[in-house]
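Number of protein chains: 2
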Amino acid sequence: QIVAALQAAVGVQQAQGPKVVITAGPTREPIDPVRYISNHSSGKMGYALAAAAQALGCQVTLVSGPTQLACPSGVTRVDVESAEQMLAACLSEVAQTDIFIAAAAVADYRLAEVAVHKLKKDQSQQGLTLNLVENPDIVATIAQHQQRPALVVGFAAETQKVQAYALAKLQRKGLDMMIANDVSNPEIGFHSDHNAVTLITKDRQQAFDIQSKKELAHQLMTEILQAYTNQESLSNRE
Amino acid sequence: QIVAALQAAVGVQQAQGPKVVITAGPTREPIDPVRYISNHSSGKMGYALAAAAQALGCQVTLVSGPTQLACPSGVTRVDVESAEQMLAACLSEVAQTDIFIAAAAVADYRLAEVAVHKLKKDQSQQGLTLNLVENPDIVATIAQHQQRPALVVGFAAETQKVQAYALAKLQRKGLDMMIANDVSNPEIGFHSDHNAVTLITKDRQQAFDIQSKKELAHQLMTEILQAYTNQESLSNRE
Numbered sequence: 001q002i003v004a005a006l007q008a009a010v011g012v013q014q015a016q017g018p019k020v021v022i023t024a025g026p027t028r029e030p031i032d033p034v035r036y037i038s039n040h041s042s043g044k045m046g047y048a049l050a051a052a053a054q055a056l057g058c059q060v061t062l063v064s065g066p067t068q069l070a071c072p073s074g075v076t077r078v079d080v081e082s083a084e085q086m087l088a089a090c091l092s093e094v095a096q097t098d099i100f101i102a103a104a105a106v107a108d109y110r111l112a113e114v115a116v117h118k119l120k121k122d123q124s125q126q127g128l129t130l131n132l133v134e135n136p137d138i139v140a141t142i143a144q145h146q147q148r149p150a151l152v153v154g155f156a157a158e159t160q161k162v163q164a165y166a167l168a169k170l171q172r173k174g175l176d177m178m179i180a181n182d183v184s185n186p187e188i189g190f191h192s193d194h195n196a197v198t199l200i201t202k203d204r205q206q207a208f209d210i211q212s213k214k215e216l217a218h219q220l221m222t223e224i225l226q227a228y229t230n231q232e233s234l235s236n237r238e
Numbered sequence: 001q002i003v004a005a006l007q008a009a010v011g012v013q014q015a016q017g018p019k020v021v022i023t024a025g026p027t028r029e030p031i032d033p034v035r036y037i038s039n040h041s042s043g044k045m046g047y048a049l050a051a052a053a054q055a056l057g058c059q060v061t062l063v064s065g066p067t068q069l070a071c072p073s074g075v076t077r078v079d080v081e082s083a084e085q086m087l088a089a090c091l092s093e094v095a096q097t098d099i100f101i102a103a104a105a106v107a108d109y110r111l112a113e114v115a116v117h118k119l120k121k122d123q124s125q126q127g128l129t130l131n132l133v134e135n136p137d138i139v140a141t142i143a144q145h146q147q148r149p150a151l152v153v154g155f156a157a158e159t160q161k162v163q164a165y166a167l168a169k170l171q172r173k174g175l176d177m178m179i180a181n182d183v184s185n186p187e188i189g190f191h192s193d194h195n196a197v198t199l200i201t202k203d204r205q206q207a208f209d210i211q212s213k214k215e216l217a218h219q220l221m222t223e224i225l226q227a228y229t230n231q232e233s234l235s236n237r238e
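Quick mapping for you: the protein sequence lines, in order, are chains F and U. Using this note's numbering, read the first sequence as starting at 1 and increasing by one per residue. Using this note's numbering, read the second sequence as starting at 1 and increasing by one per residue.
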């Protein structure tokens, strides 16, 4: 009671809901000190989910690759660049995470070797070969972790066979829920403020029509919190 | 006179100085619909040069890769993504260009083939090889063009042997002036608002100490316009 009174006095409002970790934005995989491989993710969907989760009473940590977005009010942001840095940040939170949402567009590959100095054009040859190795699969690593969060949600950005690829990923990675969208549609592409998605679990598929990422995030977070509550009440009954 | 009166009446001020084309920002070279190779250029130096040139009475076109910067007032901006698009935009201006300044951090390489659909991770293999081919050298192409602008200025962002590499580039590409900086120094790196450079011609080297990119741009544009005027008076004497 003293703590609560003190918190009220200094204006601190302690979120009482589940601890949610959300990844957002692209990652950047360095080639050398000036060049990198990245992707067109704006981070808007992940940031909108973080804002929605915070508004719904969750304690939210946003693990974010490089974006141009402001951190939503009341959300703790951890800034990272590469996939390996993002995984390390997520693992350092995993024991305290109730719901993990992987909204970042993590690079699937990184350079096998990063050059210390800027690569010079070789006058004797015309091209360059970059050897890439697979990055760790962050959402699969979290889903298969021995301190696995109660609910693990992935995203699938596809350009073809969207539902089929997304369901295959859900099963292969051991996720509870997958949010799939078709990034070949320019109206809902990475930099759009709108999105249309399909929410996929092993039992059902639910389509969300095109709408603002903010509205969509609120609906998706409501679904995610419902699934979390159902799962918690099931595990309490066991 | 009627035109001048009309222009005055509607508030149009026609720049009387030389026509300056400035490239700025990074380029993005697509790997597939979602992934690309890019670099850490912020575009700040090129945008500052465009603003300085406009303030000094030049007619300025800014050919810009993806940046987060606003176009300086009175400057015409042409937006591009890849190196090939940037070259095409510069070539379409070359016949009317008096001074060409290549401040963009153009990707040296692009993918030999761009995938139409998002590349899928191949479950049977661990890595991926990207085959890159050299991009056209925009500043060298302009410097060796039969409608070559009177003054062609390049930038060299190096992490080692800065002056030596920059002078070699000036000679190999046939430029009039090179502005070199050491991007391994984090204080003057790509996203900094400050820069320190060496202005290099075949005859001299002049160091500009660390200062705001805005102030530096004004000093550099003054040097560039002086060099342009000297060259024009020389060629008129011939």
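Positions of the beta carbon are idealized from the N, C-alpha and C atoms, including for glycine.
- In summary, proline 18(U) is buried, with 16 or more beta-carbon neighbours lying within 10 Å of its beta-carbon over all protein chains present.
- In this structure, valine 60(U) keeps its C-beta atom at 8 Å or more from the C-beta atom of glutamine 68(U).
- Between glutamate 187(U) and glycine 46(U), the alpha-carbon positions lie close to 18 Å from each other.
- Listed in chain order, the beta strand (DSSP E) runs fully inside the region 150 to 188 of chain U are 151 to 158 and 177 to 182, counting runs of at least 3 residues.
- For the pair asparagine 135(F) and alanine 112(F), the CB atoms are not nearer than the 8 Å cut-off.
- When secondary structure is reduced to three states using DSSP, histidine 145(F) falls in the coil class, being assigned neither helix nor strand.
- Around aspartate 98(F), the same chain offers Pro18, Lys19, Val20, Pro149, Ala150, Leu151 and Tyr228 as residues with beta carbons nearer than 8 Å, after the five sequence neighbours per side are excluded.
- In this chain, the alpha helix (DSSP H) harbouring lysine 44(U) covers 44 to 55.
- Taking the Cα positions, alanine 207(U) is about 34 Å away from glutamate 29(F).
- In the structure shown, glutamate 232(U) adopts helical secondary structure according to DSSP, grouped into three states.
- Rounded to whole angstroms, aspartate 176(F) and valine 63(F) show a C-alpha spacing of 20 Å.
- Spatial neighbours of isoleucine 138(F) in its own chain (CB-CB distance under 8 Å, excluding positions within 5 residues in sequence) are listed in chain order as Thr23, Ala83, Met86, Leu87, Cys90, Ala102, Ala104 and Val106.
- Contacts with chain F at 8 Å (Cβ-Cβ) include tyrosine 36(U).
- For isoleucine 224(F), the three-state secondary structure derived from DSSP is helix.
- Cβ-Cβ separation between methionine 178(F) and isoleucine 200(F): approximately 4 Å, consistent with a contact (criterion under 8 Å).
- Burial check for serine 38(U): the Cβ neighbour count within 10 Å reaches 16 or more, so the residue is buried.
- Listed along chain F are Gln126 and Gly127, each with a C-beta nearer than 7 Å to that of valine 133(U).
- Shown in chain order are the members of the region 96 to 115 of chain F whose Cβ falls below 9 Å from a Cβ of chain U: Ala105, Ala107, Asp108, Tyr109 and Ala112.
- A straight-line Cα-Cα distance of about 40 Å links glycine 174(U) and histidine 117(U).
- Of the residues assessed, alanine 95(U) falls on the exposed side of the cut-off, its CB having fewer than 16 other CB atoms within 10 angstroms.
- Taken atom to atom, the span from the alpha-carbon of glycine 43(F) to that of threonine 76(F) is near 15 Å.
- Within the same chain, Gly174 come within 7 Å of glutamine 144(U) by CB-CB distance, once the 5 residues on both sides are set aside.
- For leucine 234(F), the number of other beta carbons within 10 angstroms of its own is below 16, and it is reported as exposed.
- Secondary structure at histidine 194(F): strand, using DSSP grouped into helix, strand and coil.
- Per DSSP, reduced to three states, the secondary structure at valine 60(F) is strand.
- Note on lysine 121(U): under 16 other CB atoms within 10 angstroms of its CB, so exposed under the neighbour-count rule.
- Listed as beta-bridge partners of asparagine 39(U) by DSSP are Arg35(F).
- Taking the beta carbon of alanine 157(U) as reference, the chain F residues within 7 Å of it are Val34, listed in sequence order.
- The DSSP-derived three-state label of leucine 69(U) is coil.
- For the options Gln160(F), Lys213(F) and Ser41(F), the alpha carbon positioned closest to that of valine 34(U) is the one of Ser41(F).
- Cβ neighbours of lysine 213(U) within its own chain (closer than 7 Å, five residues either side excluded): Lys44, Met45, Ala48, Asp193, His194 and Asn195.
- When the alpha-carbon of alanine 52(F) is set against those of Pro26(F), Val197(F), Cys71(F) and Lys202(F), the nearest one is in Cys71(F).
- Beta-bridge partners of aspartate 108(U) (DSSP): none assigned.
- Following the DSSP letters along the chain, one finds leucine 130(U) inside the beta strand (DSSP E) bounded by residues 127 to 134.
- Beta bridge pairing from DSSP links aspartate 79(U) with Ser64(U).
- Aspartate 203(U) and tyrosine 36(F) have their alpha carbons spaced roughly 36 Å apart.
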